[in-house]
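Asker: Protein sequence lines correspond, in order, to chains X and R.
Mind the numbering: the first sequence is residues 3 to 370 in the working numbering, read in order.
Mind the numbering: the second sequence is residues 23 to 391 in the working numbering, read in order.
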Amino acid sequence: MFERIKQMIIKEFIQVFRDRRMIAIVFFTPVMQLLVFGYAVTTDVNNISTAIYDLDKSYESRELVRRLGSSGYFNVRYSAESPDEMQELLDRGRITTAIQINRGFSSDLKNNRQTEVQILVDGTDSNTATVAMDYANRIIMKYTKDMGAQRVESMKIDLRTRAWYNPDLRSRNYNVPGVIAIVIMLTCLLLTSMAVVRERELGTMEQLMVTPLKPIEIMLGKTIPFAIIGFFDVFLVTMVGVFWFDIPIKGPIQLMPLTTAIYLLSVLGIGLFISTIARTQQQAMMATFLFFIPAVLLSGFMFPIENMQEIIQYGTYINPLRYFLVIIRGVFLKGSGIDILWPQMLSLLALGTAVITISSLRFKKRLG
Amino acid sequence: MKFLRIKAIAKKEIIQIRRDPLSLAMAFMMPVILLFIFGYAITLDVNNLRTVVYDQDRSSLSRELVAEFRESGYFTVVGYADTHKDIDKYLDSGKAQVAVWIPNDFSKNINTGKNAELQVIVDGSDSNTATIALGYITAISELYSQRIMGGRITPLIDPRVRVWYNPELKSRNYIIPGLIAVIMAVIAALLTSLTIAREWERGTMEQLISTPVKTPELIIGKLLPYFFIGFVDVALSVIMAVFVFEVPLRGNIFLLAVLSSIFLFGGLSLGILISIAAKSQLVASQISMVVTFLPAFLLSGFMYAIANMPKPLQVITHIIPARYFVSILKGIFLKGNTFKFLIFETILLTFFGLMVFALANKKFKKRVV
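#1: Take I170 of chain R as the anchor and find which of R:A318, R:I159, R:A138, R:I197 has the nearest alpha-carbon.
#2: What residues of chain A sit near P250 of chain X, judged by a beta carbon separation below 7 Å?
#3: Between which residues of its own chain and K252 of chain X is the CB-CB distance below 6 Å, once the five residues before and five after are set aside?
#4: What's the C-alpha gap between T189 of chain X and I218 of chain R?
#5: Quick check on the DSSP output: what are the complete beta strand (DSSP E) runs of length 3 or more inside the stretch 323-383 of chain R, in order along the chain?
#6: When you compare only the Cα positions, how much space is there between A138 of chain X and L140 of chain R?
#7: For E219 of chain X, I'd like the list of residues in its chain whose CB is within less than 7 Å of its CB, leaving aside the five on either flank, ordered along the chain.
#8: For the stretch 9-21 of chain X, which residues have a CB atom closer than 7 Å to at least one CB atom of chain R, in sequence order?
#9: Report the rounded CA-to-CA distance for M311 of chain R versus P296 of chain X, giving the unit in angstroms.
#10: When the cut-off is 8 Å and only beta carbons count, does R23 of chain X lie next to chain R?
#11: What does N77 of chain X pair with, by DSSP beta-bridge criteria?
#12: Please list the residues of the stretch 79-96 of chain X that have a C-beta atom closer than 7 Å to any C-beta atom in chain R, keeping them in chain order.
#13: Compute the Euclidean distance between the alpha carbons of S163 of chain R and T261 of chain X, then round it to the nearest angstrom.
#14: I'd like to know whether the C-beta of S349 of chain R is nearer than 8 Å to at least one C-beta of chain X.
#15: For the stretch 331-344 of chain X, list every residue whose C-beta sits within 7 Å of some C-beta in chain R, in sequence order.
#16: Which runs of the alpha helix (DSSP H) spanning at least 4 residues fall entirely within the stretch 56-139 of chain X, listed in chain order?
#17: Candidates X:Q120, X:F237, X:F305, X:I272: which alpha carbon is nearest D292 of chain X's?
#18: Between L193 of chain X and L281 of chain R, what straight-line distance do the alpha-carbon atoms span, to the nearest angstrom?
#19: Is Q283 of chain X near Q38 of chain R, with beta carbons less than 8 Å apart?
#20: Could you spell out where the alpha helix (DSSP H) holding T226 of chain R opens and where it closes?
#21: I want to know whether the stretch 355-367 of chain X touches the stretch 264-281 of chain X - three or more CB-CB distances under 8 Å.
#22: Taking 8 Å as the cut-off, decide whether the C-beta atoms of I121 of chain X and L66 of chain X are in contact.
#23: Taking 8 Å as the CB-CB limit, is M288 of chain X close to chain R?
#24: Could you spell out the range, first to last residue, of the alpha helix (DSSP H) harbouring E164 of chain R?
#25: Under three-state DSSP, which class holds Y265 of chain X?
#26: Drop a sphere of 10 angstroms on the beta-carbon of K224 of chain X, count the other beta-carbons inside from all chains shown, and report buried for 16 or more, exposed for fewer.
#27: Which runs of the alpha helix (DSSP H), 4 residues or longer, sit entirely within the stretch 187-219 of chain X?
#28: So, helix, strand or coil for F315 of chain R, using DSSP?
#29: Identify the continuous alpha helix (DSSP H) that holds V305 of chain R and give its terminal residues.
#30: Got a sec? Which residues, its chain only, sit under 8 Å from I1 of chain X by beta carbon, not counting five neighbours each side?
#31: Under 8 Å by Cβ, that's how I've got F249 of chain R and L286 of chain R pegged, so tell me the actual separation to the nearest angstrom.
#32: Show which residues of chain R have a CB atom less than 8 Å away from the CB atom of T225 of chain X.
#33: Taking just the CA atoms, how far does P227 of chain X sit from D305 of chain R?
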């Protein structure tokens, strides 16, 4: 039996890599993707493109503008000459924030009268807008204090905040482990689902069936090569994450091979399942995406699961990515070990076993 | 170029599509499922932050502070800690994202007019949520100290903030127009990236080549039916966005249709180009995933603002057509932009489409000869 599986695996490797381009695709693209997306996936808000409409043109107003600019959050790019110009800049999407300082700003401040600063924010990107408003408020508050305005009294409560696990609040640390999980999922899913369907589409499946190979052996031969490729990809991409992006590994890294194996079990199982439904490679590809995109969105990769509606939250329990993300982020950022991550690992194992069982039963039926 | 031959190719393609109803059904399901997930399941708004409280003070003042947190609606108290170790446990296991520690001299300090210390620890691994949580915490502690000091302080400078285009800052309004662009980029590539590779793989391409059909006729004939499917998808998405999710459509719907067609033409041509270059369905599917799906998702500005990316990457985003379509859709939906504002994007999209189409023609001729 092992001899037959071995032959089948060798055949599969020959078939995948006969097209030399596949070598590049399978090993090079995950690394490329992580490099590009590691930089892209950042929710840190800075360099907010800003226009200033300064009607006061005084030392005080220039000082406020200088502070906004030097905070690093606002990039003062334009100085508008009229309200229409501000509107135009916002409409064209050249700026996200426009700040208007009215005439009399400096004299109001000197005479200790309350004065206004108008802040216009483009709300289309609600996340950036919220953060921009928050920054602007804080800078203005600090400015008011420093200008020696007596009316703002010092706060009575001394608030000390600390952020754990990721003290600089770098979003990259949070997102790069997630991108690793996603890139691996997509590559393995697509490879597995299409490999089986291709044989069916080209009619070579019949040839396999007349050999003494048993369905289970065909199935193993069709999945083990991709598991090996997947393993190798995880290794490559993790190296890039650690050495290129400086993602800290605080936990036991030796946990990774084991969890990767459990994770790949579910991924390959799903790929196999898709291959039992699809008749053509076109169908396999579309079905893969139909599964993959919701799986990414409902995994907690970009959107926290606890903010979703309750019914949907239950739905995420059958998503292998959900568990793997908790594990991979725990190992990298929090330094969690098996003592904390065992519920996720166990769930992933149960899910993987279930998926692979259902898929192999269906696979057998289609062959028999 | 003969219209009759284009028609014949299109007809053949339609027959092939009709034979594969599962793929067709998935092509229509994709936008519907995605829009529902984004419309109902996902929100970027941060609330229900899981909070653990370590109240060493146990006074009425400290309880009031905890109540302040709870009533804000942003924090859900999931447990009370009795030691510092407890806090560690809550945060390490992810049971809590925020820990509030009120030291035992909290009320004493306030009553004697000294500064009272309040410690807050936030799980920073999700930096976005953490930043927003810190903003809420600062606001709450400010409000609280104002309240216990009695009376409100009017700040000297009063920042008047107005939010345009999306005054309630609904993340749904921001996401859905961009999402339509992403869906279209993915669908366009999914639809066409296998069509020609499939003919090569099955050997039917030789039959097509031996007919008098010319390269542009073949490509246009192949594009037409998929263009129709893609257009139905756009219409479906826009109808759902407006009527189900109540995203305001402030601009001209006719303009939307025209610009969507230009984008679709480019996207479908790109699929065809991949298909011609790859010749094998496996290679084509992997390439189209790499060059369409992930860039459209992550580099288009749909979720992650391009201005926050490093400079070299910002340059790269310029060659991603979805980027222009995302800003077109956001512009038409939320800002009510007229064509005048979108000329730049339109020219680039048109240029991209024509270039890819020309490339596909060239590549195909080389292949055949």
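Backbone N, C-alpha and C fix where the C-beta goes; we use that ideal spot for every residue, glycine too.
Note that this is a predicted model, so its numbers are computed, not measured.
Answerer: Let me spell this out:
#1: On the second sequence, residue 170 of chain R is found 148 positions in, with the first residue counted as 1. Among R:A318, R:I159, R:A138, R:I197, the Cα nearest to that of I170 of chain R is on R:A138.
#2: The structure shown has no chain A; the protein chains it does contain are X and R.
#3: Here residue 252 of chain X is taken as the residue at index 250 of the first sequence, counted from 1. Around K252 of chain X, the same chain offers G337 as residues with beta carbons nearer than 6 Å, after the five sequence neighbours per side are excluded.
#4: Translated into the one-based positions of the first sequence, residue 189 of chain X becomes position 187. Translated into the one-based positions of the second sequence, residue 218 of chain R becomes position 196. Cα to Cα, the separation comes out at about 22 Å.
#5: none
#6: On the first sequence, residue 138 of chain X is found 136 positions in, with the first residue counted as 1. On the second sequence, residue 140 of chain R is found 118 positions in, with the first residue counted as 1. Distance between the alpha carbons of A138 of chain X and L140 of chain R is about 24 Å.
#7: Taking the first sequence and counting its residues from 1, one reaches residue 219 of chain X at position 217. Result list for E219 of chain X: M3, R6, I7, M10, in chain order.
#8: D21
#9: The sequence position of residue 311 of chain R within the second sequence is 289, counting from 1. The sequence position of residue 296 of chain X within the first sequence is 294, counting from 1. Distance from the CA atom of M311 of chain R to the CA atom of P296 of chain X, rounded to whole angstroms, is 16 Å.
#10: Stepping through the first sequence from its first residue, residue 23 of chain X is reached at position 21. Interface residue, yes.
#11: The residue labelled residue 77 of chain X in the question sits at position 75 within the first sequence. Its beta-bridge partners are X:S51.
#12: L92, D93, R94, G95
#13: For this step, residue 163 of chain R is matched to residue 141 along the second sequence. For this step, residue 261 of chain X is matched to residue 259 along the first sequence. Approximately 42 Å, taken between the alpha carbons.
#14: In the second sequence, the residue the question calls residue 349 of chain R occupies position 327. For S349 of chain R, the answer is yes, since a Cβ of chain X falls inside 8 Å of its Cβ.
#15: Listed by position along the chain: R331, L335, K336, S338, I342.
#16: 61-72, 85-93, 107-112
#17: What you label residue 292 of chain X is simply residue 290 of the first sequence in a count that begins at 1. Residue identity differs from the one stated: residue 292 of chain X is Leu in this sequence, not Asp. Nearest C-alpha to L292 of chain X: X:I272.
#18: Walking along the first sequence from the start, residue 193 of chain X turns up at place 191. Walking along the second sequence from the start, residue 281 of chain R turns up at place 259. Taking the straight line from one Cα to the other gives about 35 Å.
#19: Residue 283 of chain X sits at position 281 when you count from the first residue of the first sequence. Residue 38 of chain R sits at position 16 when you count from the first residue of the second sequence. Against a cut-off of 8 Å, the Cβ pair of Q38 of chain R and Q283 of chain X comes out as no contact.
#20: Numbered from its first residue, the second sequence carries residue 226 of chain R at position 204. No alpha helix (DSSP H) contains T226 of chain R, which DSSP labels as neither H nor E.
#21: Inter-segment contact for the stretch 355-367 of chain X and the stretch 264-281 of chain X is present: three or more beta-carbon pairs are separated by less than 8 Å.
#22: Counting from 1 along the first sequence, the entry for residue 121 of chain X is found at position 119. Counting from 1 along the first sequence, the entry for residue 66 of chain X is found at position 64. No, Cβ-Cβ distance for I121 of chain X and L66 of chain X is not below 8 Å.
#23: Indexing the first sequence from 1 puts residue 288 of chain X at position 286. M288 of chain X counts as touching chain R.
#24: Against the second sequence, residue 164 of chain R aligns to sequence position 142. It spans 149-170 - the alpha helix (DSSP H) in which E164 of chain R sits, taken as one unbroken run.
#25: Position 263 of the first sequence, counting from 1, holds the residue named residue 265 of chain X. Y265 of chain X falls in the helix class under three-state DSSP.
#26: Position 222 of the first sequence holds residue 224 of chain X. So K224 of chain X ends up on the buried side.
#27: Here the runs fully enclosed are 206-212.
#28: Residue numbering aside, residue 315 of chain R sits at position 293 when the second sequence is read from its first letter. If DSSP states are grouped into helix, strand and coil, F315 of chain R belongs with the helices.
#29: Taking the second sequence and counting its residues from 1, the one referred to as residue 305 of chain R is at position 283. Start and end: 303-310.
#30: Because chain X here runs from 3 to 370, residue 1 of chain X falls outside it and cannot be looked at.
#31: Taking the second sequence and counting its residues from 1, the one referred to as residue 249 of chain R is at position 227. Taking the second sequence and counting its residues from 1, the one referred to as residue 286 of chain R is at position 264. The Cβ separation is near 6 Å, so the contact holds.
#32: The residue you call residue 225 of chain X lines up with position 223 of the first sequence. For the C-beta of T225 of chain X, not a single chain R residue is nearer than 8 Å; the gap to the nearest is close to 16 Å.
#33: Taking the first residue of the second sequence as 1, we reach residue 305 of chain R at position 283. Taking the first residue of the first sequence as 1, we reach residue 227 of chain X at position 225. According to the sequence as given, residue 305 of chain R is Val; it is not Asp. Taking the straight line from one Cα to the other gives about 17 Å.
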